[in-house]
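Under this note's numbering, the residues of the sequence shown are numbered 10 to 196, in order.
First comes the structure, then the notes that go with it.
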Amino acid sequence: MNGGRKLATVAALVALATVTAGFGPAHATRNTVADPDDSASPVDLASASHGHTNVDGRRLITHRVDAHAPWADDVGGRHTAIYFAFDVDGDGSGDYFVSVSEARGTLRASADFDARVRVTRPDADSVQIAFPKSAIAGRGDGYHWNASIYYDPARGDEPIAGCEEGCSDAAPDAGAWIHHGAGRHGC
């Protein structure tokens, strides 16, 4: 997908998730929110989690998605795109976005904010991004976020049954948002 199409797809997924939710943000009491095995997509999200890491003396926030089964080496590649949306003003819609895709055998993160986003594969069934919280500074009580994945058969080989027009999955489901609070366990 080109950059414009990626952001348009992200915006559409976030808008769809927000409209279909019908309820407010999901407030996680821990760092991980589970997601059911419920998607026909070849990459079905099992959980979304957030935390912190230190890289070169800098404290970064991390956001991770895990699948129900190991992903192929080209996750985020020609068949899929992974999106993270961040709501910093509490209005229930994304203010900042990060997309993860594969290019020439390397995972890459693209953001619509001014900070370097690191992307890693901690294991065979997960992808994690990390960046400074200041890149998405908002209200003092933290922010909300969610993740989604989109499978695009038009760009790949034979489509999977039930995904002829594309499939997506989100974590958490139904357009809810995960709260990443400020303070001792927040940022």
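C-beta atoms are modelled at their ideal positions from N, C-alpha and C, and glycine is treated no differently.
Proximity to residue i [Cα-Cα], best of the options
i, options, result
"Gly-176", "Tyr-105, Gly-101, Asp-53", "The amino acid at residue 176 is misidentified as Gly; the sequence shows Cys. Comparing Cα positions, the closest option is Asp-53."
"Ser-108", "Ser-119, Ile-145, Thr-129", "Ser-119"
"Asp-46", "Arg-68, Arg-127, Leu-69, Asp-75", "Asp-75"
"Ser-58", "Arg-67, Asp-44, Ser-48, Asp-178", "Asp-44"
"His-77", "His-188, His-189, Ile-158, Ala-170", "Ile-158"
"Thr-115", "Ile-145, Asp-123, Arg-127", "Arg-127"
"Ser-143", "Asp-182, Ala-94, Arg-117, Ala-124", "Ala-124"
"Cys-172", "Arg-113, Val-64, Pro-162, Glu-111", "Pro-162"
"Asp-121", "Asp-65, Phe-140, Asp-100", "Phe-140"
"Val-64", "Thr-129, Ala-185, Asp-98", "Thr-129"
"Leu-69", "Val-42, Ala-146, Thr-41, Asn-155", "Ala-146"
Residue i: first and last residue of the uninterrupted beta strand (DSSP E) it sits in
i, result
"Gly-60", "54-64"
"Arg-117", "115-120"
"Ala-94", "89-96"
"Asn-40", "Neither: Asn-40 is in no beta strand (DSSP E) and is coded neither H nor E."
"Ala-156", "152-160"
"Ile-145", "It is not in any beta strand (DSSP E) - Ile-145 carries neither H nor E in the DSSP assignment."
The ligand ZN heavy atom lying under 8 Å from the CB of residue i
i, result
"Gly-66", "This structure lacks the ligand ZN; in fact it carries no ligand of any kind."
Simplified DSSP state of residue i, which is helix, strand or coil
i, result
"Asp-46", "coil"
"Ala-76", "strand"
"Asp-182", "helix"
"Ala-133", "coil"
"Phe-32", "Model confidence at Phe-32 stands at a pLDDT of 27, short of 50, so the residue's coordinates are unreliable and nothing is read from them."
"Glu-102", "Residue 102 is actually Ser in this sequence, not Glu. Here Ser-102 sits in coil by DSSP."
"Ala-112", "strand"
"Val-107", "strand"
"Ala-139", "strand"
"Val-128", "strand"
"His-188", "strand"
"Cys-176", "strand"
Rounded Cβ spacing between residue i and residue j (contact assumed at less than 8 Å)
i, j, result
"Ile-138", "His-72", "5 Å"
"His-189", "Asp-96", "In fact, because the Cβ distance is near 10 Å, the residues do not count as touching under 8 Å."
"Ala-94", "Gly-101", "The pair is not a contact, with the Cβ atoms about 11 Å apart (cut-off 8 Å)."
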